[in-house]
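Report on the following structure.
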Amino acid sequence: LDTLEKWVTEIFSEIPNNGLPKPSFGHLTQPFDTPEFHKLYRVVPIRKVHSLSITWALPPQEQYYRVKPLHYISWLVGHEGKGSVLSLLRKKFWALALYGGNGETGFEQNSTYSIFSISVTLTDEGYKHFYEVCFSAAWFSYSVANVWKDDSVLFCLQVAHIVFQYVKMLQQRGPDKRQVIWEEIQKIEANEFHYQEQTDPVDYVESLCENLQLFPKEDFLTGDQLLFEYKPEV
1 LDTLEKWVTE IFSEIPNNGL PKPSFGHLTQ PFDTPEFHKL YRVVPIRKVH SLSITWALPP
61 QEQYYRVKPL HYISWLVGHE GKGSVLSLLR KKFWALALYG GNGETGFEQN STYSIFSISV
121 TLTDEGYKHF YEVCFSAAWF SYSVANVWKD DSVLFCLQVA HIVFQYVKML QQRGPDKRQV
181 IWEEIQKIEA NEFHYQEQTD PVDYVESLCE NLQLFPKEDF LTGDQLLFEY KPEV
């Protein structure tokens with residue numbers, strides 16, 4: 001360790017410190033406020049696979065790294081047990097897998113915005129029900145009364161609607177009664193951190209250098225992995 005410290009000092013001590021603040025692009029608000037974003041895009045895949053991806057652009061979440069709200073929500077969305085989105089879709093033979101979360105890369109997490117995505121791997125049957133009849137347009141008469149002239153007209157986004165229903169349920173119930181889930185996630189992440197396999201030194205140093213730009217010095221080693229505080233208001 002002493003030898004490594006000596007090498008780092010010799011190699012990097014001559015790099016000048018300009019005393020400049022970390023660049024921030026927080027003034028560039030709502031980068032996805034364009035007509036192109038609020039649309040449904042169908043992309044023809046190279047291989048035979050059906051996948052539905054739903055993406056939300058959120059305010060930047062970097063400041064909440066001690067709480068990690070998106071990580072918490074991804075666990076709830078990605079749950080595969082009874083009562084989950086995936087269990088219902090599998091029961092209908094519509095989906096094979098579901099993933100939700102934030103990649104924590106520079107594109108998905110920065111000082112301008114944060115991205116949260118849910119991706120569903122569909123079966124052939126699920127693809128047929130992706131954009132099909134589901135529930136009465138009368139349910140939406142308050143907002144689209146001029147579009148639908150007949151209350152008996154039915155329409156839907158079957159798979160997408162189930163996903164949105166689940167997210168809406170999480171929002172309505174709130175996080176207050178789910179602290180035990182957050183604490184379970186906290187314990188799991190702590191165990192993974194303490195018992196993780198040794199990584200390549202170069203990759204580890206690169207990761208730490210990135211953390212230097214994101215977290216205060218006391219959290220350089222753990223800021224991107226551990227959950228520290230439970231704040232339901234966040």
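For what it's worth, UniProt numbering labels the leading residue of the sequence shown as 1, then goes sequentially. Think of the CB as a built atom: it goes at the ideal place given N, C-alpha and C, for glycine as much as any other residue.
Beta bridge counterpart(s) of residue i as assigned by DSSP
i    : result
Y166 : According to DSSP, which records beta bridges pairwise, Y166 is partnered with nothing at all.
A160 : According to DSSP, A160 bridges with nothing at all.
G101 : S117
A95  : L122
T55  : S117
Q109 : S114
H50  : L122
Cβ pair residue i, residue j closer than 7 Å
i    : j    : result
L122 : L52  : yes
Y99  : G78  : yes
W75  : E125 : no
H38  : Y127 : no
S111 : S24  : yes
Where residue i falls, given that 16 or more other Cβ within 10 Å makes a residue buried
i    : result
W7   : exposed
I115 : buried
G19  : exposed
F12  : exposed
L86  : buried
Y72  : buried
P175 : buried
V167 : buried
Y113 : buried
V159 : buried
D151 : Caution applies to D151, whose pLDDT of 36 falls short of 50 and renders its modelled position unreliable; the value that the coordinates give is listed next. D151 should be labelled exposed.
F32  : exposed
L89  : buried
Candidates the options, of which the one nearest residue i by Cα
i    : options                   : result
Q61  : V120, H161 and N102       : N102
S117 : K187, V163, T222 and D200 : V163
R178 : K92, L89 and P232         : P232
E108 : L96, W56, K82 and E80     : W56
H161 : I54, V44 and I15          : I54
R42  : K91, E104, F130 and E218  : F130
Residue i: CB within 6 Å of a non-hydrogen atom of the ligand ATP
i   : result
K82 : Absence of the ligand ATP is noted for the structure shown, with no ligands found whatsoever.
- Three or more C-beta pairs below 8 Å linking the stretch 56-68 and the stretch 220-234: yes
- Message: Would the stretch 187-201 count as touching the stretch 24-41 if we require 3 or more Cβ pairs under 8 Å?
- Response: no
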